[in-house]
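Presented below is the structure to which this report refers.
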Amino acid sequence: MTEGKLLPFRRVEGTPAELSDRALVSALGEGDPAALGALYDRFHRDVHRFVARLAREPDAWDVVQSTFLAAHRSAKRFRGESAVKTWLFAIAANLVRQQYRGEARRQRATELLAAVPSATAAPAHDLMMREQQQRWLALALDRLTPALREAYVLCVIEEVPGVEAARALAIREASLYRRLSDARELLRTTIAELERGGVR
Amino acid sequence: MTWQPDDRELDAAARALPPPPGDPARAEEVRTALLAAAARQVQLPRRTWVPVAALGVALAAAASIAIWLAVRPIEPGLPRIATTGSGSFARLVDWPAYTLWLDEGRIELDVATRDETARVLTRDGEVAIRRSHVAIAASHGRLSEVAVREGSVELRAEQHVIVLHAGETWTATQLAQREVIVPTPTPAPAHEPIAEPHPARRPAPPRPAKALAPEVVPPASPPPADPATPGAADFRAGWTALRAGDASGAAKRFALACTAAAAAPLGEDACFWAGAAAQRANDPATARPALAGFLARFPGSPRAPEASALLGWILYAGGDLDAAATRFHAAEHDRVPQVRASAQKGLEAIARSRPK
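Residue numbers (the numbering used here), protein chains in the order written: chain A, 3 to 202; chain B, 885 to 1240.
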């Protein structure tokens, strides 16, 4: 069953807590002054978490603010084809892409990798091994190209369904799955490099 | 020992990465700045000259609203609403005739402090609540579950009126139980996804409502079809056949219902089951076009990932690995764990089948 824009047969009313996510966006589109604050309260943690994985931390909050401002401008055009959270992620991803074109982030990741000490002695026990694997994975994630990183973070970490994620990133589903596959390969390659202690 | 995670292990590790730290103070600053910027945004399109003093008043008003919303006391007696997952609902009428419309999802409504009656409406039912705490779920606009935590509620659905008390739960399948002969569970074939109908999300209720006979094991099934709806009779006959183990006969009746019901909500269920029943009957020649047709007609259906997984196995068995992989990818992030697991198994099978 396809779903279109939320068009209530009576005017949407209610305090923000009494509105679903979609009804809240609908209210925002109709100019309800309390709806923007309510939308921010509901989703700012999710958006910040998503943006912070894509952008530098000091800039992440700026992107969060810009995301909700952009949502405020485009709420009328929201058609309900995806979850509201996915819609906000799509806006955020677009803003990060515009802000971080080029090699600036890859440079930062390379600097971080250069600072990682070579793996020498094996970790004392499993917990340390897991922590080390997490560090490698976080660094490897940082090293992905923006296109691969946003696809991987959106689909795998934020668990947005593939159909919605493709729509949010404005790419075909087949392209999305290819990016995920490429991202996983690159992550494994980078993790192997870190384990060996070599950095290119 | 080197770490060489496969896709599943890698993804699980990525999901387990600690989230970036939040900053509540910074979040609050951003909120205030956002509301102020939004207030300016509303004024800008008019392109009028706004005196500095008037702009300052507008910004101060926006900040005041933000502060008021943050510190205002919660009005006593307002219903407390909690939601599980995403959904679609909206308040239609305020007190004293408080009415909420629920289209999709699950909400908990606590009106234990109000004397007036609140109502939750769906397309096919109504729940009247007074001094109660209740959880209500709907799927595609139809009531699917009512669970009473505290107090009593009156439920009107399908021309029945039921009163539920604290600790009792009503589900949409229960009214259908009176017409069901003892069901025969259909065994799931090996290496195939289990295409069992999965009901709307339901947390464990304390105990079922009294209307259910304890010796009948209710299979999850769609709400009973209104006999007057086109295709309804074939739909019912399909379910009877499926429960009796005649998957092939069921597929034929569902196919008729799929054609007759067309764009009606019943049509979506019928078209899905036409394909799923044919797959269960080991009839890929019928199942494949039926499932492909369902996906083409109802791409946004909550059943689409499940249908994709079923179709993926048929394509895999037929040797079309690329097409099968596309179908499994479409199902691998479904909210239903069995569907995700089936899609993952399919992708692993394809990976093993491809030449190294």
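Backbone N, C-alpha and C fix where the C-beta goes; we use that ideal spot for every residue, glycine too.
Does B:W1157 come out as helix, strand or coil in the three-state DSSP assignment?
The three-state secondary structure of B:W1157, taken from DSSP, is helix.
Determine the chain A residues that contact B:P1114 at a beta-carbon separation under 7 Å, and present them in chain order.
Those within 7 Å of B:P1114 in chain A number zero; the least Cβ separation is about 17 Å.
So if I threshold CB-CB distances at 8 Å, which residues from the stretch 988-1009 of chain B count as touching chain A?
Result list: G989.
Please state the DSSP three-state secondary structure of B:P1102.
Caution applies to B:P1102, whose pLDDT of 29 falls short of 50 and renders its modelled position unreliable; the value that the coordinates give is listed next. Of the three classes helix, strand and coil, the one that applies to B:P1102 here is coil, per DSSP.
Buried or exposed: A:E187, going by 16 or more other Cβ atoms within 10 Å of its Cβ?
Exposed.
Label A:E133 either buried or exposed according to how many other C-beta atoms from any shown protein chain fall within 10 Å of its C-beta, with 16 as the threshold for buried.
When all chains shown are included, A:E133 counts as exposed.
Would you mind stating whether A:A77 and A:L30 have Cβ atoms separated by less than 9 Å?
For A:A77 and A:L30, yes; Cβs fall inside 9 Å.
Counterpart residues of B:A923 in DSSP-defined beta bridges:
In DSSP, B:A923 forms no bridge with anything.
Tell me whether the beta-carbon of B:A1145 lies closer than 9 Å to the beta-carbon of B:G1177.
The answer is no: Cβ separation not under 9 Å.
Identify whether B:W979 lies in helix, strand or coil by the three-state DSSP scheme.
Taken through DSSP and simplified to helix, strand or coil, B:W979 comes out as coil.
Length-filtered (4 minimum) alpha helix (DSSP H) runs lying within the stretch 59-104 of chain A:
Counting only runs of 4 or more, we get 59-76 and 86-101.
Neighbour-count burial assignment, B:W979, 16 or more Cβ in a 10 Å radius
So B:W979 counts as exposed.
In chain B, which residues lie with their C-beta within 8 Å of the C-beta of A:S22?
Under the 8 Å cutoff, chain B gives T967, S970, G971, S972, F973, A974 and G989.
Can you say whether B:A966 is buried or exposed, counting buried as having 16 or more other CB atoms within 10 angstroms of its CB?
With fewer than 16 neighbouring CB atoms inside 10 Å of its own CB, B:A966 falls in the exposed class.
Can you name the residues of chain A whose CB is closer than 7 Å to the CB of B:V914?
Within 7 Å Cβ-Cβ: W63, V66 and Q67.
A:F91 and A:L156: beta carbons closer than 9 Å?
Inclusion of A:F91 and A:L156 in the CB contact set at 9 Å is warranted, their separation being smaller than that value.
Is A:R169 near the ligand PLP, judged by its Cβ being under 8 Å from some heavy atom?
Ligands displayed in this structure: none; no statement on the ligand PLP is therefore possible.
Please confirm whether B:A974 and B:E1000 have their CB atoms less than 9 Å apart.
Cβ distance not < 9 Å, so B:A974 and B:E1000 don't count as in contact.
Neighbourhood of B:A1121 by C-beta, 7 Å cutoff - its chain only, sequence neighbours within 5 removed:
The beta carbon of B:A1121 sits closer than 7 Å to those of R1137, all from its chain and outside the five residues before and after it, given in chain order.
Using 9 Å as the limit for Cβ to Cβ distance, is B:H1321 near chain A?
Past the boundaries of the shown model lies residue 1321 of chain B; chain B is included only from 885 to 1240, so the question cannot be answered.
Taking contact to mean at least 3 C-beta pairs separated by less than 8 Å, is the stretch 24-40 of chain A in contact with the stretch 909-928 of chain B?
Counting C-beta pairs with one atom in each stretch, the stretch 24-40 of chain A and the stretch 909-928 of chain B have three or more that are closer than 8 Å, which means they touch.
Burial state of A:A116, where buried means 16 or more other Cβ atoms lie within 10 Å:
Low confidence applies to A:A116: its pLDDT is 48, below 50, so where it sits in the model is not reliable enough to give any reading.
How far does the alpha helix (DSSP H) with B:A1214 in it reach, from first residue to last?
Per DSSP, B:A1214 belongs to the alpha helix (DSSP H) from L1205 to A1215.
Contacts around A:E175, its chain only, beta-carbon distance under 7 Å, and the 5 residues preceding and following it disregarded:
Closer than 7 Å at Cβ, skipping near neighbours: G164, V165 and A168.
With 9 Å set as the bound, which would you pick, yes or no: does the beta-carbon of A:R55 sit closer than that to a beta-carbon of chain B?
Answer yes: the Cβ-Cβ gap between A:R55 and chain B drops below 9 Å somewhere.
Along the chain, where does the beta strand (DSSP E) that runs through B:I1024 open and close?
The displayed chain sequence assigns His, not Ile, to residue 1024 of chain B. Element bounds for B:H1024: n/a, residue is neither H nor E.
Three-state secondary structure (DSSP) of B:S1016
B:S1016 falls in the strand class under three-state DSSP.
Going by CA-CA distance only, name the one from A:A95, A:S22, A:E83 and A:W138 that's closest to B:A897.
Among A:A95, A:S22, A:E83 and A:W138, the Cα nearest to that of B:A897 belongs to A:W138.
Below 9 Å between beta carbons: does that hold for B:G971 and B:D994?
It is not a contact, given that the beta carbons lie outside the stated cut-off.
Any chain B beta carbon closer than 9 Å to A:F80
No, its Cβ sits nowhere closer than 9 Å to a Cβ of chain B.
Name the one or two DSSP bridge partners that B:D994 has.
B:R964 and B:H1017, per the DSSP bridge assignment.
DSSP three-state label for B:I1234, please.
In the structure shown, B:I1234 falls within a helical segment according to DSSP collapsed to helix, strand and coil.
Taking all protein chains shown into account, decide if B:T886 is buried (16 or more other Cβ within 10 angstroms of its Cβ) or exposed.
Counting Cβ neighbours within 10 Å, B:T886 comes out exposed, since fewer than 16 surround it.
Taking only beta-carbon positions, decide if B:W887 is within less than 9 Å of chain A.
With 9 Å as the cut-off, B:W887 counts as an interface residue toward chain A.
Short-range partners of chain B found in the stretch 170-192 of chain A, where Cβ spacing is below 9 Å:
Residues of the stretch 170-192 of chain A whose Cβ lies closer than 9 Å to any Cβ of chain B, in chain order: E175, A176, L178, Y179, L182, S183, R186, L189 and R190.
Hey, quick one: how far does the beta strand (DSSP E) through B:R1187 stretch, first residue to last?
Run containing B:R1187: none; DSSP gives neither H nor E here.
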